[in-house]
C-alpha cells in the first residue's frame, strides 16, 4: 500500500520530500475523518460524562442534597479514608479476587480442551460460550433467582440427594456463583485465544526431553499462555469489583459491596460528590492496575 | 488540480472539527447557564391570578409510574379541551435533578413528603394559589399542615400509604405481637431466614428507631447508633434486604414476614388465591405514613392549567376514581365514601393502624444528617 501510493506522484515526475510529507498528512486526515464518528461518540458519551463525574467529586453536598460546584474541595476524597469505606473496599476486592480465581480454575482446562479440538468442534464450542450473551444480564440474574430459590431446581436436587431443602438464594455463595457465571466467558475467550496460538510442538518437545506433564504445563504451557491469563483476569476482576446487579439480586443486599455503596451515595444519601469521588478512585485504581499488568506481561497481547 | 482538492479536503476536515468543538462548547455553556438560573431559584413567587378552571396550555404531568389511569388523565384533557401528557419517574432522586436543571417543561410533579421539603428549601416549587383550588377544602384534617410544608403553601397531598409489616398467617398464625418485635425481637428467631426488611436506609432504620421509641426523623447520633445495632442484630434472621419484590417474596412463600409498603402489599394480596391469609399492620410503636404530593415546578410553563388539574383531582368523584385505580389511600375526605369497599376497609381498619394515628410519622429530610443514615445502614449490614 505504502509502496504503491509512493509511486503515484512519480507520474508527475516530482516526488519531493515536501510532497511526501503532505501526502502523509493527508492520509492521517483521511484516517481521522473515518474515525470521527467513533471519536465523537466516545467524546460525547464517555469522556464528557466521565469529566462530569470527576468535576462533581470536587463539589459539596448542600443541606438539601443537591451539589454545589463552586468552591472546589477535597472533602469527598478525605471521606475515603474512613473505616467504613475501607471495609467495603476490601470486601469487594476479596470477592472480586475469589471470582477471578474460580473463573481461572474453571476456564483454563476448558480453554485448553477447546483449543485442542478440531476446527469444527472449536467453533461450535465458541458459539456455546457466547450464547449467554444473547440474553440480557439482568434477565439472566433473575433466572438464577428462580434456580437458587427454595422451590428451585437446585434445592430439589439437593433434597433428592438427601441434603434437605437448600436455599442458596440471598447468600454470599449465590453472589459468587452469579458472578462466576456472568463473567466466565470473559475468562474463557482470551485464554482460548492465547492457548490456541501456542505451537503444540513445543509441548511435545518438552515431553520428549523428559518433562513430566506438570513440568511441561508449568514451564511451557503456562508461561506461553500468560497473556491470556492476564487479559482474562483483568476482564473478570474489573467488572466483579464494581458489580451491583448480582450482589443486590442474588445476595439480597445483605452485605454492602462497592457498587451498591456508590449507588447508595447517589440515590439515598444524595451525596453526589462522595459517590463521584468513590467512582473516580475506583476507575483510577482499575486504570492503574491495567497499566501495570500490561507493562509487566501483556506486551504480546 | 489534485493538490487543490486535497487542500480542500483538509480544510473541510478542520472546519468539521472546529464545528464539532464549537457545538460541544455551546451545549456545555448552555447547560451551565441553566444551572446558574436554577441555583438562583425562582421559587416562592405565586402564579396568582389564575381563575378557577382556567387553562393556559396543555398539561405536562411528571408522575410516578402506575399512579394514574391514562384514561383518567384523558378525561381531564377532554373536559377542558386541552391535551395532557405524562412522563413517569422511578424515584424522587431521579425527578429532582430534572426539575433543578430548569426548563423541564412540566406543570405538575408528584414529590414525596421529604422531597417537598427539599424542593421548598431549594426554591424549586412555587407557592400554590389556593383561590384557584377551591376543592382544596376537601383535604382531610389528618393531612393538613404537614411537617414538610408546615404552612401548606406549596403542596397538596396526592395519595398516601403506610410502611409496616405483612405477615403470612398460614405460617405464623394469628397470635403474634402487633409490634416491631416480630422482626427485631426474639420472636424473629422462630422465623429465621424467612423475614425481609426494606433495602432503604430511612425506612429500615426508621422502623428500628420506632421500635426503640424514638422519632424516625431523629438527628441524634446516639439514637441512630442504637437503631443501627438493632438492624445489625436482626440481620442474622433475614432472608434479604429487599424493596422491589418483598411483596412477591411473601406471597411466593420465600418469606413469611415482610417489611413492606401498604399499597404494594394490598395489591399483591389481592392477586393470591386467598388474600385473607395475609395481614398488613403498622406495629403499635408506629411506623411511616408516606404522602406523595402535587406541586408546581418554579418554571412550570402552564401554571393555570396546573392549578386547574390539582383542583379537578380534589373533586370527590375524581379523587375516588384515582384511588380506586391505583389502590392507595386518598387524602380527599369527600372521596372516602366513594371508595371500593375492600379498599376503604383496608385503609380505615383499626387492625391496620395498631398504634393509632399519632403513632405514624412522615419521613422528613434531615439535611446534612441524611448521609449519617446512609452510613449507619451500610454499617448495620456489615
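Protein chains in written order, with this note's numbering: chain A, -15 to 285; chain B, -6 to 375.
Ideal placement from N, C-alpha and C gives every residue a C-beta, glycine not left out.
Values in this document were obtained by computation on a predicted structure and should not be read as measured data.
Against residue i, what residues of chain A qualify as contacts under a CB-to-CB distance less than 8 Å, listed in chain order?
i	result
residue 367 of chain B	248, 249, 252, 253, 255
residue 290 of chain B	Those within 8 Å of residue 290 of chain B in chain A number zero; the least Cβ separation is about 15 Å.
residue 235 of chain B	236, 237
residue 341 of chain B	Near residue 341 of chain B there are no residues of chain A at all, since even the closest Cβ is about 32 Å away, more than 8 Å.
Give the range of the beta strand (DSSP E) segment to which residue i is assigned.
i	result
residue 272 of chain B	271 to 274
residue 282 of chain B	281 to 287
residue 161 of chain B	149 to 161
residue 252 of chain B	250 to 254
residue 188 of chain B	188 to 190
residue 56 of chain B	52 to 57
residue 78 of chain B	77 to 82
residue 411 of chain B	In this structure chain B extends from -6 to 375, so residue 411 of chain B is not present and cannot be described.
Take residue i and list the residues in its own chain whose beta-carbon comes closer than 8 Å to its own, dropping the five residues that flank it on each side.
i	result
residue 242 of chain B	189, 232, 233, 235, 248, 251
residue 181 of chain B	174, 175, 188, 227, 230, 250
residue 295 of chain B	48, 49, 50, 51, 52, 53, 100
residue 169 of chain B	160, 175, 180
residue 301 of chain B	43, 45, 46, 47, 48, 73, 125
residue 123 of chain B	129
Inspect the beta-carbon positions of residue i and residue j and report whether they are closer than 8 Å.
i	j	result
residue 99 of chain B	residue 286 of chain B	no
residue 322 of chain B	residue 57 of chain B	no
residue 84 of chain B	residue 51 of chain B	no
residue 275 of chain B	residue 155 of chain B	yes
residue 163 of chain A	residue 217 of chain A	no
residue 73 of chain B	residue 48 of chain B	yes
residue 203 of chain B	residue 278 of chain B	yes
residue 192 of chain B	residue 237 of chain A	yes
residue 212 of chain A	residue 179 of chain A	yes
residue 121 of chain B	residue 158 of chain B	no
residue 324 of chain B	residue 132 of chain B	yes
residue 91 of chain A	residue 219 of chain A	no
residue 201 of chain B	residue 185 of chain B	no
residue 113 of chain A	residue 206 of chain A	no
residue 382 of chain B	residue 138 of chain B	Residue 382 of chain B is absent from the structure shown; chain B starts at -6 and stops at 375.
residue 118 of chain B	residue 343 of chain B	no
residue 354 of chain B	residue 210 of chain B	yes
residue 347 of chain B	residue 339 of chain B	no
residue 212 of chain B	residue 359 of chain B	yes
Any heavy atom of the ligand FAD within a distance shorter than 7 Å of the CB on residue i?
i	result
residue 370 of chain B	As far as ligands go, the structure on display features none, and thus does not contain the ligand FAD.
What does residue i touch in chain B if you count any residue whose Cβ is under 7 Å from its own?
i	result
residue 321 of chain A	In the structure as shown, chain A begins at -15 and stops at 285. Residue 321 of chain A is therefore absent and cannot be evaluated.
residue 50 of chain A	93, 115
residue 245 of chain A	371
Residues in the same chain with beta-carbon distance under 7 Å from residue i, minus the five sequence neighbours each way, listed in chain order, please.
i	result
residue 122 of chain A	229
residue 256 of chain B	154, 320, 321
residue 127 of chain A	none
residue 255 of chain A	45, 249
residue 81 of chain B	56, 57, 58
residue 337 of chain B	329
Can you pull the chain B residues whose beta carbon is under 8 Å from the beta carbon of residue i, in chain order?
i	result
residue 47 of chain A	114, 360, 361
residue 68 of chain A	368, 371, 372
residue 72 of chain A	371
For residue i, go through chain A and note every residue whose CB falls closer than 9 Å to its CB, in chain order.
i	result
residue 228 of chain B	238
residue 301 of chain B	Result: empty, since nearest Cβ-Cβ is about 29 Å, beyond 9 Å.
residue 194 of chain B	248, 252, 253
residue 231 of chain B	154, 236, 238
residue 86 of chain B	49, 250, 251, 252, 254
Below 8 Å on the Cβ atoms is my contact criterion, and I expect residue i with residue j to pass it. Report the Cβ-Cβ distance as a whole number of Å.
i	j	result
residue 151 of chain A	residue 134 of chain A	5 Å
residue 225 of chain B	residue 115 of chain B	So it is not a contact: roughly 34 Å between Cβ atoms.
residue 237 of chain B	residue 258 of chain B	Actually they do not touch by this definition, with Cβ atoms about 14 Å apart.
residue 160 of chain B	residue 272 of chain B	5 Å
Give every residue of the same chain whose Cβ lies closer than 6 Å to the Cβ of residue i, excluding the five residues on either side of it in the sequence, and list them in chain order.
i	result
residue 231 of chain A	159, 241
residue 49 of chain A	254
residue 21 of chain B	In this prediction, residue 21 of chain B scores a pLDDT of 42, lower than 50, which makes its location untrustworthy; no coordinate-derived value is stated.
Over what stretch of residues does the alpha helix (DSSP H) that includes residue i continue unbroken?
i	result
residue 156 of chain A	156 to 181
residue 319 of chain B	309 to 319
residue 65 of chain B	63 to 73
residue 217 of chain A	206 to 225
residue 195 of chain A	It is not in any alpha helix (DSSP H) - residue 195 of chain A carries neither H nor E in the DSSP assignment.
residue 329 of chain B	Neither: residue 329 of chain B is in no alpha helix (DSSP H) and is coded neither H nor E.
residue 103 of chain B	Looking at the DSSP string, residue 103 of chain B is not in any alpha helix (DSSP H), and its letter there is neither H nor E.
residue 90 of chain B	85 to 93
residue 200 of chain B	194 to 204
Chain A partners of residue i, CB-CB under 7 Å?
i	result
residue 247 of chain B	133, 134
residue 111 of chain B	48, 49
Could you name the residues of the stretch 108 to 138 of chain A whose beta carbon sits closer than 7 Å to any beta carbon of chain D, in the order they occur along the chain?
Looking for chain D here will not work: the only protein chains present are A and B.
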